[in-house]
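Each number in our numbering comes from the position in the sequence shown (counting from 1) with 27 added on.
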Amino acid sequence: MNPHNTYKNAKAISWTRIDMLLLIYENAIEALDKGIEILESGDLSELLFQRIDVQRKVLLIAEGLSVDEDPTAAHIMNICVFILDQISTESLENWKSSLKLIETLHEGFAAIAEEARELERKGQIPQLQI
């Protein structure tokens with residue numbers, strides 16, 4: 028068996044829901060940072076592409092929310108909708124406030140990551156199906 032495939036398979040087995048969620052948030056943070064850099068540079072030719080990248084990542088977050096079952100999920104959905112509205116402008120402040128919101132959500136999930144992994148290991152949270 029190819030050692031690279033063995034490594035990839037072992038990594039996939041240890042992948043949890045919280046790991047995936049944190050990675051999506053980290054990617055959204057990076058995309059917002061790039062958008063802020065573009066706005067600060069004044070060369071807005073790349074802003075549209077960066078906006079689309081941020082939108083994709085925020086929509087990934089929103090897609091995984093069970094808003095009918097969980098009030099916290101509904102609040103996060105409202106934040107996602109707000110962020111999508113904020114980044115539709117060329118306002119540096121709007122992009123920075125969006126970044127702060129995503130960072131705050133990321134910090135909250137990072138704080139409970141170990142507990143979430145343990146709950147998934149125990150079967151109290153459904154395992155991620157890859």
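In this text, a Cβ means the ideal position worked out from N, Cα and C, and glycines have one as well. These figures come from a predicted structure and were not determined experimentally.
Query raised in the report: If you draw a straight line from the C-alpha of LYS149 to the C-alpha of ALA143, how long is it?
Result: Position 122 of the sequence shown, counting from 1, holds the residue named residue 149. Position 116 of the sequence shown, counting from 1, holds the residue named residue 143. Their Cα atoms are separated by approximately 10 Å.
Query raised in the report: How long is the line joining the alpha carbons of LYS127 and ILE65, rounded to whole angstroms?
Result: As a working note, residue 127 is residue 100 in the sequence shown. As a working note, residue 65 is residue 38 in the sequence shown. About 17 Å.
**Report entry** 7 Å Cβ shell around SER124 - same chain, five flanking residues per side excluded
**Finding:** By 1-based counting over the sequence shown, the position of residue 124 is 97. GLN113, listed in sequence order.
Query raised in the report: If we count the other Cβ atoms within 10 Å of its Cβ and call it buried at 16 or more, is GLN156 buried or exposed?
Result: Walking along the sequence shown from the start, residue 156 turns up at place 129. Exposed: under 16 other Cβ atoms inside 10 Å.
Requested in this report: Select from GLU117, ARG83 and ALA140 the residue whose C-alpha is nearest the C-alpha of LEU48.
Outcome: Translated into the one-based positions of the sequence shown, residue 48 becomes position 21. Of GLU117, ARG83 and ALA140, the residue nearest in Cα terms is ALA140.
**Report entry** Sequence-distant residues of the same chain with beta carbon closer than 6 Å to LYS61, five excluded per side
**Finding:** Start at 1 with the first residue of the sequence shown, and residue 61 comes out as number 34. Cβ neighbours of LYS61 beyond the five flanking positions: GLN77.
**Report entry** Assumed close pair VAL85, CYS107 - CB separation to whole angstroms, cut-off 8 Å
**Finding:** Taking the sequence shown and counting its residues from 1, the one referred to as residue 85 is at position 58. Taking the sequence shown and counting its residues from 1, the one referred to as residue 107 is at position 80. Their Cβ separation, rounded to whole angstroms, is 5 Å, which keeps VAL85 and CYS107 in contact under 8 Å.
Query raised in the report: Going by C-alpha distance, which of GLU53, ASN121 and ALA89 is nearest GLU67?
Result: By 1-based counting over the sequence shown, the position of residue 67 is 40. When each option's Cα is compared against that of GLU67, the closest is ASN121.
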